[in-house]
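Undergrad: Below you will find the structure I want to go over with you.
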Amino acid sequence: MKKLMEPLLFVNSWRFLMMGAFIHLWVLGDSQISSFILILLLLLMTCLRWRFALPVWFVLVDILICFFYFPYTDIAYYGFALPIFELALKGKCLFSLFLCAGVFFAQASSSFLFWFFFQAFFFGVFSFIFLKNQEMYRVDIDEQRKVRYELERIKIDLLEANQSVSHQAELMERYRIARELHDHLGHDLTGATLALQAYQYVQEPEEAKKILQEVKNRLERSTKSLRETVHNMTPMTRIGVESLESVVRNFQQKDIEFKKSGNMLLVPVHIWSLLESCVKETLTNVAKHSNATKVEVDLQVTESIVRLSIKDNGTAKKLSHTGSGLRSLQMRSRSMGGSLSISHENGFLVVCVIPLDKEMLNR
Amino acid sequence: MTIFKFALKRSFSNTTNIIFLTLFPIACIFLPNGEEWPFLPYGYQYFGLLILFVGIRLATIILEDREKGVVKRLAVAPISHFQYLSQNLLAYSIILILQCIIVVYGGVLLGKELYQPGWLFILYGSFSFASLAIALAWISIYRNKDASFLVYMSLIFIIVVLGGLLIPIEIFPDLLKRVAVIFPTYWLAEGLKWIVFSEEILDFLLINGVLWLYTIVFVIVGSIRKIN
Numbered sequence: 098m099k100k101l102m103e104p105l106l107f108v109n110s111w112r113f114l115m116m117g118a119f120i121h122l123w124v125l126g127d128s129q130i131s132s133f134i135l136i137l138l139l140l141l142m143t144c145l146r147w148r149f150a151l152p153v154w155f156v157l158v159d160i161l162i163c164f165f166y167f168p169y170t171d172i173a174y175y176g177f178a179l180p181i182f183e184l185a186l187k188g189k190c191l192f193s194l195f196l197c198a199g200v201f202f203a204q205a206s207s208s209f210l211f212w213f214f215f216q217a218f219f220f221g222v223f224s225f226i227f228l229k230n231q232e233m234y235r236v237d238i239d240e241q242r243k244v245r246y247e248l249e250r251i252k253i254d255l256l257e258a259n260q261s262v263s264h265q266a267e268l269m270e271r272y273r274i275a276r277e278l279h280d281h282l283g284h285d286l287t288g289a290t291l292a293l294q295a296y297q298y299v300q301e302p303e304e305a306k307k308i309l310q311e312v313k314n315r316l317e318r319s320t321k322s323l324r325e326t327v328h329n330m331t332p333m334t335r336i337g338v339e340s341l342e343s344v345v346r347n348f349q350q351k352d353i354e355f356k357k358s359g360n361m362l363l364v365p366v367h368i369w370s371l372l373e374s375c376v377k378e379t380l381t382n383v384a385k386h387s388n389a390t391k392v393e394v395d396l397q398v399t400e401s402i403v404r405l406s407i408k409d410n411g412t413a414k415k416l417s418h419t420g421s422g423l424r425s426l427q428m429r430s431r432s433m434g435g436s437l438s439i440s441h442e443n444g445f446l447v448v449c450v451i452p453l454d455k456e457m458l459n460r
Numbered sequence: 018m019t020i021f022k023f024a025l026k027r028s029f030s031n032t033t034n035i036i037f038l039t040l041f042p043i044a045c046i047f048l049p050n051g052e053e054w055p056f057l058p059y060g061y062q063y064f065g066l067l068i069l070f071v072g073i074r075l076a077t078i079i080l081e082d083r084e085k086g087v088v089k090r091l092a093v094a095p096i097s098h099f100q101y102l103s104q105n106l107l108a109y110s111i112i113l114i115l116q117c118i119i120v121v122y123g124g125v126l127l128g129k130e131l132y133q134p135g136w137l138f139i140l141y142g143s144f145s146f147a148s149l150a151i152a153l154a155w156i157s158i159y160r161n162k163d164a165s166f167l168v169y170m171s172l173i174f175i176i177v178v179l180g181g182l183l184i185p186i187e188i189f190p191d192l193l194k195r196v197a198v199i200f201p202t203y204w205l206a207e208g209l210k211w212i213v214f215s216e217e218i219l220d221f222l223l224i225n226g227v228l229w230l231y232t233i234v235f236v237i238v239g240s241i242r243k244i245n
């Protein structure tokens with residue numbers, strides 16, 4: 098958004114305009130040297146206020162200067178517009194009004210002076226309210242920004258925690274498989290191996306036959322146990338590329354072409370969950386906003402990255418903003434060290450690239 | 018005082034500056050006397066004009082610093098803007114005061130009729146500070162050195178003419194006579210008149226006081242730090 102001019106600029110402009118007004122009064126009026134020095138002194142005070150944030154009691158100096166010049170020139174009365182304005186600007190409206198009334202009655206009440214003071218008071222109060230509001234908005238915006246940053250940090254923490262949990266779960270699963278294999282297969286296979294070694298040294302045919310039968314039994318039991326273990330460990334829900342295929346298959350609104358290449362086993366679980374969300378969100382967006390007839394989903398896995406691209410042949414115009422779903426996915430991709438980019442040229446295109454952590458894969 | 022030393026050295030770093038700072042003041046001494054006006058020799062009447070030129074010439078060194086990004090580098094150096102500005106201004110003031118000494122006491126040595134050389138030196142001193150302050154305020158609104166210098170030159174001619182330094186103020190119409198008071202050059206011309214006719218000392222103090230007020234106002238305006 099284009100930045101507008103600061104309100105303080107107008108406050109300073111008013112102050113210097115007053116100087117112009119005094120010089121005008123001076124040229125038209127008595128043009129005495131002493132009155133000119135009064136204007137110079139007031140100009141000095143104005144410059145000081147322009148450069149430094151002076152405390153409110155500094156208006157006493159202006160009042161004293163003007164008061165001192167009362168007997169010599171009428172400009173001194175007009176000069177009181179400055180302290181009236183400064184007091185109102187600092188929120189001391191009552192003092193300002195009091196000063197206004199005091200000087201006005203002391204000068205045998207000219208109507209021009211009344212309007213002169215009135216505009217100074219009015220602009221002072223207006224500037225005070227404006228600056229106060231600006232300050233309040235600034236504090237409010239700062240707080241909101243702080244909360245938003247905190248929220249984003251928490252989101253990133255949660256995403257990292259999710260990644261860590263999935264990694265822990267994978268390790269636990271590996272440990273469970275190792276235990277199952279050891280408990281159910283290991284004993285029988287070791288027994289069978291020992292029995293076969295013993296079989297080489299047995300002389301009696303009856304004894305040899307008995308050992309062979311034992312080996313056979315053990316191997317049969319091992320095969321059965323292996324089958325049961327594999328069966329028990331196979332998940333009922335679809336995971337990995339299957340889940341992606343299932344999402345694509347169930348999307349009936351458009352014609353979808355799904356292509357995949359590379360070793361899908363290299364992709365860890367938490368990345369699959371992101372890719373699945375990506376496909377779901379993009380296809381929903383296509384169904385909602387695009388006039389496309391065909392969608393291409395392309396998944397490529399290499400040793401170092403996973404790249405998912407979803408492209409349609411629609412001609413719909415670009416939306417004015419990215420939806421919260423895609424924004425959240427962008428953030429999740431970033432937290433995994435990857436990126437998600439969106440393009441609206443030649444149809445809607447979403448490309449998600451996530452690097453594969455080789456160290457984690459080797460663990 | 019490193020900045021002070023460098024400001025002094027840089028002030029004499031090119032030929033134009035050397036001419037401005039040394040030859041022109043000396044040339045002022047040798048200018049002839051006027052017939053009816055000015056009351057002092059021409060060189061002394063027009064020395065105010067030279068002071069204004071020298072003021073902007075010296076102050077543009079600060080603008081040059083801003084252009085070259087030196088001010089930006091100083092902003093991160095362990096030196097405050099106040100130190101930078103005060104040391105520069107001190108160096109320039111010393112140069113201007115030396116010029117005033119050369120012009121006034123050179124004239125005395127050559128036997129010029131200067132009436133009250135001591136007061137004349139004080140008047141030139143006050144006007145030098147005012148000139149430097151005005152130049153400082155002027156460059157604070159510019160980014161380009163050449164543009165600021167050229168526009169200021171034309172401005173100098175206007176204020177010198179309207180202030181009554183080149184032409185006697187008595188021939189002006191009434192309105193211009195009143196407006197002339199606004200310009201610092203008017204106060205210099207008044208001061209020169211006072212030196213010749215030597216009226217009340219209070220008048221002279223008032224003239225110097227006004228010049229000092231100008232100095233303070235313009236230093237406040239010009240002391241603003243502009244990094245870009």
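Protein sequence lines, in the order shown, are assigned to chains W and A. Count the first sequence with this note's numbering and you get residues 98 to 460, in order. Count the second sequence with this note's numbering and you get residues 18 to 245, in order. For glycine and all other residues, C-beta sits at the position ideal for the given N, C-alpha and C.
Is the number of C-beta pairs between the segment 169-181 of chain W and the segment 215-228 of chain W that are closer than 8 Å three or more?
TA: Output reads yes: the segment 215-228 of chain W touches the segment 169-181 of chain W.
Undergrad: Output needed in chain order: residues of the segment 222-240 of chain A with a Cβ under 8 Å from some Cβ in chain W.
TA: Listed in sequence order: Leu223, Gly226, Val227, Leu230, Tyr231, Ile233, Val234, Ile237, Val238 and Ser240.
Undergrad: So methionine 433(W) and leucine 371(W) are supposed to be a Cβ contact under 8 Å. How far apart are they, rounded?
TA: Indeed, because the Cβ distance is near 7 Å, the residues count as touching under 8 Å.
Undergrad: Taking the alpha-carbon positions, what's the valine 227(A) to phenylalanine 144(A) distance?
TA: When rounded, the distance between both Cα atoms is 10 Å.
Undergrad: Answer with yes or no whether the minimum CB distance from isoleucine 156(A) to chain W is below 8 Å.
TA: It does not; no Cβ of chain W falls within 8 Å.
Undergrad: Using beta carbons (cut-off 8 Å, strictly below), is valine 198(A) in contact with chain W?
TA: Output row for valine 198(A): interface = yes.
Undergrad: Under 8 Å between C-beta atoms, does arginine 195(A) make it to chain W?
TA: At least one chain W Cβ lies under 8 Å of arginine 195(A).
Undergrad: Could you tell me the alpha carbon to alpha carbon distance between arginine 404(W) and glycine 337(W), rounded to whole angstroms?
TA: Distance between the alpha carbons of arginine 404(W) and glycine 337(W): 14 Å.
Undergrad: In or out: tyrosine 109(A) buried (at least 16 other Cβ within 10 Å) or exposed?
TA: Buried, since its Cβ has 16 or more Cβ neighbours within 10 Å.
Undergrad: Identify, in the order they occur along the chain, each residue of the same chain with its Cβ nearer than 7 Å to the Cβ of threonine 399(W), setting aside the five sequence neighbours on each side.
TA: Cβ neighbours of threonine 399(W) beyond the five flanking positions: Gly359.
Undergrad: Is aspartate 254(W) helix, strand or coil when you go by DSSP?
TA: Residue state, collapsed to three classes: helix.
Undergrad: Is leucine 248(W) near arginine 429(W), with beta carbons less than 8 Å apart?
TA: Taking 8 Å as the Cβ cut-off, leucine 248(W) and arginine 429(W) do not qualify as a contacting pair.
Undergrad: Can you tell me which of the three DSSP states leucine 446(W) falls into?
TA: Strand at leucine 446(W).
Undergrad: How many Å lie between glutamate 354(W) and valine 364(W) at the Cα?
TA: Looking at the two C-alpha atoms, the distance is approximately 21 Å.
Undergrad: Starting from the C-beta of proline 134(A), find all residues in its chain whose C-beta is less than 6 Å away, skip the five residues before and the five after it, and write them out in chain order.
TA: So the qualifying residues of the chain are Val121 and Val125.
Undergrad: Measuring only between beta-carbons, confirm whether cysteine 144(W) sits less than 8 Å from chain A.
TA: By this cut-off, cysteine 144(W) is an interface position.
Undergrad: Work out the CA separation of aspartate 352(W) and valine 383(W) for me, nearest whole Å.
TA: The straight-line gap from Cα to Cα measures roughly 11 Å.
Undergrad: Skipping 5 residues on each side, what residues in its chain have a beta carbon closer than 8 Å to that of aspartate 285(W)?
TA: Same-chain partners within the cutoff: Arg315, Leu316, Arg318, Ser319 and Ser322.
Undergrad: May I ask you to list, following chain order, the residues of the segment 352-384 of chain W that have a beta carbon less than 8 Å from some beta carbon of chain A?
TA: Within the segment 352-384 of chain W, no residue has a Cβ that lies closer than 8 Å to any Cβ of chain A.
Undergrad: For a contact defined as C-beta to C-beta under 8 Å, what are the partners of valine 124(W) on chain A?
TA: Those within 8 Å of valine 124(W) in chain A are Leu192, Arg195 and Val196.
Undergrad: From which residue to which residue does the alpha helix (DSSP H) around glutamine 310(W) run?
TA: Start and end: 302-330.
Undergrad: Could you confirm whether any beta carbon from chain A is found closer than 8 Å to the beta carbon of arginine 148(W)?
TA: Chain A, which has a Cβ nearer than 8 Å to the Cβ of arginine 148(W), makes this yes.
Undergrad: Under DSSP, the alpha helix (DSSP H) around glutamine 100(A) begins and ends at which residues?
TA: Glutamine 100(A) -> alpha helix (DSSP H) spans 98-126.
Undergrad: Would you identify the three-state DSSP class for glutamate 393(W), choosing helix, strand or coil?
TA: Strand at glutamate 393(W).
Undergrad: Which whole-angstrom value describes the C-beta separation of isoleucine 156(A) and alanine 76(A), a residue pair presumed to lie in contact below a C-beta threshold of 8 Å?
TA: The Cβ separation is near 5 Å, so the contact holds.
Undergrad: Please classify glutamate 249(W): does DSSP put it in a helix, a strand, or coil?
TA: Residue state, collapsed to three classes: helix.
Undergrad: Using the Cα positions of isoleucine 186(A) and leucine 179(A), report the straight-line distance between them to the nearest angstrom.
TA: Their backbone Cα atoms lie some 8 Å apart in a straight line.
Undergrad: If you follow the beta strand (DSSP E) that glutamate 354(W) is part of, which residue opens it and which one closes it?
TA: Note, glutamate 354(W): beta strand (DSSP E), 352-358.
Undergrad: Please confirm whether phenylalanine 133(W) has its beta-carbon closer than 8 Å to some beta-carbon of chain A.
TA: Yes, because at least one Cβ of chain A sits closer than 8 Å to the Cβ of phenylalanine 133(W).
Undergrad: When the Cα atoms are used, what is the spatial distance from serine 97(A) to serine 208(W)?
TA: C-alpha separation (whole angstroms): 50 Å.
Undergrad: According to the Cβ coordinates, are glutamate 277(W) and threonine 326(W) closer than 8 Å?
TA: Yes, the Cβ-Cβ distance between glutamate 277(W) and threonine 326(W) is below 8 Å.
Undergrad: I need the boundaries of the beta strand (DSSP E) containing valine 403(W), first residue and last residue.
TA: Run containing valine 403(W): 402-409, per the beta strand (DSSP E) assignment.
Undergrad: Got a sec? Which residues, its chain only, sit under 7 Å from leucine 102(A) by beta carbon, not counting five neighbours each side?
TA: Correct list, in chain order: Ser240.
Undergrad: Under a three-way DSSP split, which group does proline 104(W) fall into?
TA: In the structure shown, proline 104(W) sits in a helix (DSSP, three-state: H, G or I).
Undergrad: Which of helix, strand or coil does DSSP assign to leucine 437(W)?
TA: Three-state DSSP puts leucine 437(W) in a strand.
Undergrad: So, for leucine 183(A): in the same chain, excluding its five sequence neighbours on each side, which residues have a beta-carbon less than 6 Å away from its beta-carbon?
TA: Contacts found: Val177.
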